[in-house]
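Have a look at the structure below, then the notes.
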Amino acid sequence: MNSSSAMSASKKGTSTLLLFLPVMLCFFAMGFVDLVGTASNYVQRDLQLTDSQANLFPSLVFFWFLIFSVPTGMLMNKIGRKKTVLLSLGVTFVSLLIPLTGDSYYTMLIAFSLLGIGNAIMQTSLNPLVTNLISGDKLASTLTFGQFVKAIASFLAPIIAAAGAAATIPTFGLSWRVLFLIFALVSILSVAALAATPIHEEKPDKASGVGECLKLLGKPFILLCFLGIMCHVGIDVGTNTTAPKIIMERLSVSLEEASFATGLYFIFRTAGCFLGAFILRVMSARKFFAVSVLMMLAAMILLFTGHTLGVIYTGIALIGFGNSNIFSIVFSQALLDSPNEKNEVSGLMIMGLFGGTIFPLAMGFAADAIGQAGAVAVMTVGVAYLLYYTLKIKAAK
0 MNSSSAMSAS
10 KKGTSTLLLF
20 LPVMLCFFAM
30 GFVDLVGTAS
40 NYVQRDLQLT
50 DSQANLFPSL
60 VFFWFLIFSV
70 PTGMLMNKIG
80 RKKTVLLSLG
90 VTFVSLLIPL
100 TGDSYYTMLI
110 AFSLLGIGNA
120 IMQTSLNPLV
130 TNLISGDKLA
140 STLTFGQFVK
150 AIASFLAPII
160 AAAGAAATIP
170 TFGLSWRVLF
180 LIFALVSILS
190 VAALAATPIH
200 EEKPDKASGV
210 GECLKLLGKP
220 FILLCFLGIM
230 CHVGIDVGTN
240 TTAPKIIMER
250 LSVSLEEASF
260 ATGLYFIFRT
270 AGCFLGAFIL
280 RVMSARKFFA
290 VSVLMMLAAM
300 ILLFTGHTLG
310 VIYTGIALIG
320 FGNSNIFSIV
330 FSQALLDSPN
340 EKNEVSGLMI
350 MGLFGGTIFP
360 LAMGFAADAI
370 GQAGAVAVMT
380 VGVAYLLYYT
390 LKIKAAK
């Protein structure tokens with residue numbers, strides 16, 4: 000390679016990196032939605048709520064994915080993916096400001112509703128925006144790396160909240176709610192970085208309506224992917240919310256002590272996303288998916304039977320690692336199955352995050368009835384479906 004070619008390749012690599020970094024910062028902002036599990040536990044303690052009342056918070060966040068995902072897919076066709084992501088970051092910023100004014104039940108309901116709306120718009124638009132930078136067989140590993148960056152924010156949320164509650168960091172009188180202030184500042188940075196980044200978008204998909212989008216669920220493989228996303232996020236939000244409760248119930252410790260369980264979950268989910276980005280380059284998606292689901296099945300057995308901290312932590316860690324790559328594999332399989340309808344398929348897949356509403360509600364009622372074993376039973380249903388989905392991955396193009 001001559002010096003001119005080398006300089007051109009170096010310049011292209013630098014240019015791609017400059018495009019990639021702002022998008023990854025947006026993935027970090029996408030992870031803000033996972034603070035709902037940590038926050039709901041603190042609100043439950045502060046306001047003396049039951050499990051079913053507290054689980055309304057994560058359920059409400061993910062309810063908006065049902066309403067906004069498909070319309071966002073159509074909005075992208077009109078204004079483009081980048082502008083849609085910027086809109087989502089703006090809504091997210093507003094949602095993070097509201098808890099700074101108070102922590103009453105209704106204040107938090109409003110804040111979590113806006114957080115859910117912003118995240119629904121962001122997840123629908125940001126994932127297909129990545130296809131303007133990466134495509135083909137590298138898409139799954141790139142989306143997995145984005146999930147790794149997202150998981151960093153998820154991992155930091157319980158740590159920041161616990162540090163704020165213990166006043167080991169400056170909180171400005173906000174206690175654990177300083178978490179919202181820090182993430183709001185990062186949201187501003189994300190908006191500035193993405194707005195200043197030129198991204199060449201492919202020609203928008205053809206105009207489509209809600210009916211046409213939902214019609215895609217008539218394709219058997221797309222429907223399977225949709226249900227797979229529902230189970231993935233149900234297990235994710237369920238573990239995020241329930242892990243500390245299992246420890247408090249069985250070992251009689253405080254929320255501050257038990258909250259490390261959430262951090263542990265995100266440590267292993269973060270590690271799983273990071274390693275998955277490399278593993279998916281050398282291992283088939285189906286094989287890696289099967290290993291991941293079997294890890295979660297083993298975890299459910301441990302959470303049913305475990306009464307020591309070590310056993311429970313092992314189960315939580317297995318869920319974190321096993322569930323870390325499910326979303327990116329299912330999402331990429333759906334996009335590759337219908338390459339000419341990326342925006343619509345993205346809207347449908349993100350609508351599947353509505354599972355984050357169904358699972359916590361069911362888990363809350365089950366836990367109120369028979370204890371946290373009931374919540375684990377609900378998550379096991381999701382794992383069983385993902386085991387079935389493993390056999391169908393080969394149907395993707």
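One point on numbering: in numbering that gives the first Met the number 0, the residue at position 375 of the sequence shown is 374, and numbering is uninterrupted. Glycine residues also receive a C-beta, built at the ideal position from the N, C-alpha and C atoms. Given the structure is predicted, the values throughout are model-derived calculations rather than measurements.
Going by DSSP, what residue range makes up the alpha helix (DSSP H) through residue i?
i: residue 398; result: Because the chain spans 0 through 396 in this model, residue 398 falls outside it and cannot be assessed.
i: residue 238; result: 219-250
i: residue 77; result: 55-78
i: residue 177; result: 177-194
i: residue 370; result: No alpha helix (DSSP H) holds residue 370; DSSP gives it neither H nor E.
i: residue 332; result: 325-336
i: residue 215; result: Taken as a continuous stretch (DSSP letters only), residue 215 belongs to no alpha helix (DSSP H), as it is neither H nor E.
i: residue 256; result: 254-257
i: residue 315; result: 308-322
i: residue 127; result: 104-129
i: residue 391; result: That residue, residue 391, is in no alpha helix (DSSP H); it is neither H nor E in DSSP.
i: residue 40; result: 34-46
i: residue 349; result: 341-350
Should residue i and residue j be called a contact, given that it needs their Cβ atoms to be closer than 7 Å?
i: residue 123; j: residue 346; result: yes
i: residue 58; j: residue 304; result: no
i: residue 183; j: residue 31; result: no
i: residue 382; j: residue 294; result: no
i: residue 350; j: residue 112; result: no
i: residue 359; j: residue 236; result: yes
i: residue 363; j: residue 54; result: yes
i: residue 115; j: residue 63; result: yes
i: residue 51; j: residue 280; result: no
i: residue 278; j: residue 288; result: no
i: residue 228; j: residue 75; result: no
i: residue 328; j: residue 270; result: no
i: residue 61; j: residue 276; result: no
Roughly how far, in whole angstroms, is the beta-carbon of residue i from the beta-carbon of residue j, given that I think they are within contact range, below 8 Å?
i: residue 234; j: residue 118; result: Not really, about 18 Å apart at Cβ, beyond 8 Å.
i: residue 316; j: residue 263; result: 6 Å
i: residue 23; j: residue 185; result: The pair is not a contact, with the Cβ atoms about 13 Å apart (cut-off 8 Å).
i: residue 379; j: residue 299; result: 5 Å
i: residue 125; j: residue 224; result: Not quite, the Cβ-Cβ distance comes to about 18 Å (not below 8 Å), so this is no contact.
i: residue 129; j: residue 142; result: 6 Å
i: residue 201; j: residue 81; result: Not quite, the Cβ-Cβ distance comes to about 12 Å (not below 8 Å), so this is no contact.
i: residue 120; j: residue 87; result: 4 Å
i: residue 85; j: residue 193; result: 6 Å
i: residue 46; j: residue 104; result: 6 Å
i: residue 83; j: residue 367; result: That pair is no contact at about 39 Å.
Between the options, which has its C-alpha nearest residue i's C-alpha?
i: residue 190; options: 20, 104, 267 and 256; result: 20
i: residue 27; options: 248, 91 and 354; result: 91
i: residue 352; options: 367, 330, 364 and 340; result: 330
i: residue 65; options: 287, 34, 213 and 140; result: 213
i: residue 301; options: 376, 145 and 277; result: 376
i: residue 398; options: 340, 312, 338 and 368; result: This structure leaves residue 398 out entirely; the chain is present only between 0 and 396.
i: residue 373; options: 248, 85 and 307; result: 248
i: residue 250; options: 228, 308, 297 and 278; result: 308
i: residue 341; options: 49, 79 and 276; result: 79
i: residue 260; options: 246, 270 and 269; result: 246
i: residue 292; options: 327, 320 and 265; result: 320
i: residue 38; options: 174, 229 and 188; result: 174
i: residue 219; options: 392, 188, 368 and 274; result: 392
i: residue 314; options: 387, 265 and 276; result: 265
i: residue 72; options: 127, 44 and 89; result: 127
Could you check whether the Cβ of residue i sits closer than 7 Å to any Cβ belonging to chain E?
i: residue 290; result: Although the question refers to chain E, the structure presented lacks it and comprises just one protein chain.
To which residues of the same chain is residue i closer than 8 Å at the C-beta, ignoring the five residues directly before and after it?
i: residue 211; result: 343
i: residue 361; result: 377
i: residue 365; result: 373, 374, 376 and 377
i: residue 181; result: 159
i: residue 138; result: 129, 130, 331, 334 and 335
Excluding the 5 residues flanking residue i on each side, which residues of the same chain have their C-beta closer than 7 Å to its C-beta?
i: residue 161; result: 255 and 258
i: residue 18; result: 132, 196 and 198
i: residue 178; result: 34, 156, 159, 160 and 163
i: residue 222; result: 216
i: residue 306; result: 249
i: residue 7; result: Its pLDDT being 39, under 50, residue 7 is placed unreliably by the model, and the measurement read from it follows with that caveat. Excluding residues within five positions, none has a Cβ falling inside 7 Å.
i: residue 273; result: 147
i: residue 29; result: 118, 121, 122, 125 and 149
i: residue 448; result: Look at the range of the chain in this structure, 0 to 396, and you will see that residue 448 is not part of it.
Under 6 Å Cβ to Cβ from residue i, same chain only, skipping five residues before and after it: list those, please.
i: residue 395; result: Only weak support exists for where residue 395 lies, its pLDDT of 39 falling under 50; the coordinates are left without a value.
i: residue 232; result: 352, 354 and 355
i: residue 10; result: Residue placement at residue 10 cannot be trusted, given a pLDDT of 42 that sits under 50; what the coordinates show is reported in the next sentence. Excluding sequence neighbours, residue 10 sits near nothing in its chain.
i: residue 244; result: 371
i: residue 42; result: 107
i: residue 318; result: 238, 295 and 298
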